[in-house]
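Participant: Encoded as structure tokens, here's the structure I'll be asking about.
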Amino acid sequence: MDYTPLRISTVKPLKSLTFDLYIFFKDQYLCYVKKGEQLTEDKYTKLKVQKIAKFFITESDELSYQKFLDSLLSETLKNTQISIDDKVHMVEGAASSAIERMQTNPGSESAYYMTETAAKSLRQIIKSNPEALKKIFGKKVEKNEELIKHSLNVCALAVKLAEILHCTEQELDDLGTAALIHDIAITQMNKDDIQLFYKPRKLLSSDDKRVYYLHTKDAKTLLQEKPYVNKTILELVANHEEVLSGQGPNKKKKLTKLEEILSMVNNYDKRTITNKTTPMQTLKDMMIDEMGNYSLDLLNEFKKVLHSEGLLE
Ligand SMILES: [Fe+2]
Ligand SMILES: [Fe+2]
Numbered sequence: 021m022d023y024t025p026l027r028i029s030t031v032k033p034l035k036s037l038t039f040d041l042y043i044f045f046k047d048q049y050l051c052y053v054k055k056g057e058q059l060t061e062d063k064y065t066k067l068k069v070q071k072i073a074k075f076f077i078t079e080s081d082e083l084s085y086q087k088f089l090d091s092l093l094s095e096t097l098k099n100t101q102i103s104i105d106d107k108v109h110m111v112e113g114a115a116s117s118a119i120e121r122m123q124t125n126p127g128s129e130s131a132y133y134m135t136e137t138a139a140k141s142l143r144q145i146i147k148s149n150p151e152a153l154k155k156i157f158g159k160k161v162e163k164n165e166e167l168i169k170h171s172l173n174v175c176a177l178a179v180k181l182a183e184i185l186h187c188t189e190q191e192l193d194d195l196g197t198a199a200l201i202h203d204i205a206i207t208q209m210n211k212d213d214i215q216l217f218y219k220p221r222k223l224l225s226s227d228d229k230r231v232y233y234l235h236t237k238d239a240k241t242l243l244q245e246k247p248y249v250n251k252t253i254l255e256l257v258a259n260h261e262e263v264l265s266g267q268g269p270n271k272k273k274k275l276t277k278l279e280e281i282l283s284m285v286n287n288y289d290k291r292t293i294t295n296k297t298t299p300m301q302t303l304k305d306m307m308i309d310e311m312g313n314y315s316l317d318l319l320n321e322f323k324k325v326l327h328s329e330g331l332l333e
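FYI, this note's numbering numbers position 159 of the sequence shown as 179, with every residue one higher than the one before it.
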């Protein structure tokens, strides 16, 4: 049987489950809560105590789980009694689970649908809670989680910027989904090549670049035959490393507004990981290094957003 991993933060105790919930314990999958039963507070706490961060569902329960998650997310985001930290935690859990599923199973329609829902929820939480973006960026993660965190950061910040630039709802949805999955092909590279993700762009040799940049093409290949992936999203993923000077892998010199936003925000967040510079220093470096790669207007808008959101402190 195939099991789909999900994060514990995307189930809540005291809600009847519409799927069997498994845990992986002592080298085997155990049914921890049965369909129709509730995850009691007691059982939920036990998971946390045991440091079990993931649970599993079977493939046949994916659709039931998705419906459960959709309603859990919308109930949680609406509920004024729930703290912003708890809300952020749940949305991050959903987005991280979705990215992870897309990394391991990029052909799964159910994983893709979860990604769309997660992107919408991220957008919603940022829109209605001024501190949410800062909370998301403020979190530090283990090295093995950095790529997922990067995708989440890029989604949150790109959508925020696009909203200020008056993009439409559809554009914001497309940008959010594309941002979550833009780097899914990186985990498919071999171990040595994956390390290129952690290397500052300035230090990449032309050979490194050729290998590393394949992840944009590979992502397109993984997604392009899927009828449920729209063209805007496909192009956004394929062009997320493009710059206006034409030095990106596809050598494009014209980018749509959304493509330019995604590429720029991706560039910014990636620098904070590879160069280990503070947000303020990263921004300063970008204003110099990326002159000609992004339009000055957009760079200045970005600077304003980083300031106003308190991300440079
Ligand atoms: Fe990338
Ligand atoms: Fe990226």
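Every residue, glycine too, gets a C-beta built ideally from N, C-alpha and C.
Keep in mind it's a predicted model, so treat the numbers as computed, not measured.
Between residue 286 and ligand 1, is the CB less than 7 Å from at least one heavy atom?
Facilitator: Reading the sequence shown from its first residue, position 266 is the one you call residue 286. Because some heavy atom of ligand 1 lies under 7 Å away, the Cβ of residue 286 counts as near it: yes.
Participant: In this structure, what does DSSP give as the bridge partners for residue 74?
Facilitator: In the sequence shown, residue 74 corresponds to position 54, counting from 1. DSSP, once it has assigned bridges, lists 27 as partnering residue 74.
Participant: Could you check how far apart the C-beta atoms of residue 312 and residue 264 are, in whole angstroms? I think they sit under 8 Å.
Facilitator: Position 292 of the sequence shown, counted from the first residue, corresponds to residue 312. Position 244 of the sequence shown, counted from the first residue, corresponds to residue 264. That belief holds up - the Cβ atoms of residue 312 and residue 264 are roughly 7 Å apart, short of 8 Å.
Participant: Is any beta-carbon of chain C found at less than 8 Å from that of residue 71?
Facilitator: Of the protein chains in this structure there is only one, and it is not chain C.
Participant: Measure the C-alpha to C-alpha separation of residue 119 and residue 135 and round it to an integer number of angstroms.
Facilitator: The residue given as residue 119 occupies position 99 in the sequence shown. The residue given as residue 135 occupies position 115 in the sequence shown. Taking the straight line from one Cα to the other gives about 7 Å.
Participant: What whole-angstrom Cβ distance do residue 139 and residue 196 have, given they're in contact under 8 Å?
Facilitator: Counting from one through the sequence shown, the residue named residue 139 turns up at place 119. Counting from one through the sequence shown, the residue named residue 196 turns up at place 176. Residue 139 to residue 196, Cβ: 3 Å. Contact.
Participant: Can you determine whether any heavy atom of ligand 1 sits closer than 7 Å to the C-beta of residue 203, and answer yes or no?
Facilitator: Numbered from its first residue, the sequence shown carries residue 203 at position 183. Answer for residue 203: yes, Cβ within range of ligand 1.
Participant: Three-state secondary structure (DSSP) at residue 179?
Facilitator: Locating residue 179 in the sequence shown gives position 159, where the first residue counts as 1. Helix.
Participant: Ends of the alpha helix (DSSP H) at residue 319?
Facilitator: Working through the sequence shown from its first residue, we reach residue 319 at position 299. Where residue 319 is concerned, the enclosing alpha helix (DSSP H) stretches over 316 to 328.
Participant: Since I believe residue 176 is in contact with residue 153 (beta carbons under 8 Å), could you give me their beta-carbon distance rounded to a whole number of angstroms?
Facilitator: For the purposes of this step, residue 153 is identified with residue 133 of the sequence shown, where counting begins at 1. For the purposes of this step, residue 176 is identified with residue 156 of the sequence shown, where counting begins at 1. Between residue 176 and residue 153 the Cβ distance is about 6 Å, and since that is below 8 Å, they are a contact.
Participant: Residue 53 bridges to which residues according to DSSP?
Facilitator: Working through the sequence shown from its first residue, we reach residue 53 at position 33. Per DSSP, 41.
Participant: Could you pull the DSSP bridge partners for residue 48 from this structure?
Facilitator: Locating residue 48 in the sequence shown gives position 28, counting from the first residue. According to DSSP, residue pairing for residue 48 in a beta bridge involves 45.
Participant: So, residue 257 versus residue 243, is the Cβ gap smaller than 8 Å?
Facilitator: The residue you call residue 257 lines up with position 237 of the sequence shown. The residue you call residue 243 lines up with position 223 of the sequence shown. In this structure, residue 243 lies closer than 8 Å to residue 257 by Cβ.
Participant: Decide if the segment 229 to 249 is in contact with the segment 109 to 118; the criterion is three or more beta carbon pairs, one per stretch, under 8 Å apart.
Facilitator: no
Participant: Mind checking whether the beta-carbon of residue 155 lies closer than 7 Å to any heavy atom of ligand 2?
Facilitator: As a working note, residue 155 is residue 135 in the sequence shown. Relative to ligand 2, even the nearest heavy atom lies 7 Å or more away from the CB of residue 155.
Participant: Just verifying my parser: in three-state terms, what is the DSSP assignment at residue 103?
Facilitator: Your numbering for residue 103 matches position 83 in the sequence shown. Reduced to three states, the DSSP call for residue 103 is coil.
Participant: Put residue 267 into one of helix, strand or coil per three-state DSSP.
Facilitator: Here residue 267 is taken as the residue at index 247 of the sequence shown, counted from 1. Coil at residue 267, not helix or strand.
Participant: Could you spell out the range, first to last residue, of the alpha helix (DSSP H) harbouring residue 209?
Facilitator: As a position in the sequence shown, residue 209 is number 189, starting the count at 1. For residue 209, no alpha helix (DSSP H) run applies, since DSSP gives it neither H nor E.
Participant: Note down the Cα distance separating residue 287 from residue 217, rounded to an integer number of angstroms.
Facilitator: The sequence position of residue 287 within the sequence shown is 267, counting from 1. The sequence position of residue 217 within the sequence shown is 197, counting from 1. Looking at the two C-alpha atoms, the distance is approximately 12 Å.
Participant: When the Cα atoms are used, what is the spatial distance from residue 167 to residue 203?
Facilitator: Your numbering for residue 167 matches position 147 in the sequence shown. Your numbering for residue 203 matches position 183 in the sequence shown. Those two C-alpha atoms are separated by around 8 Å.
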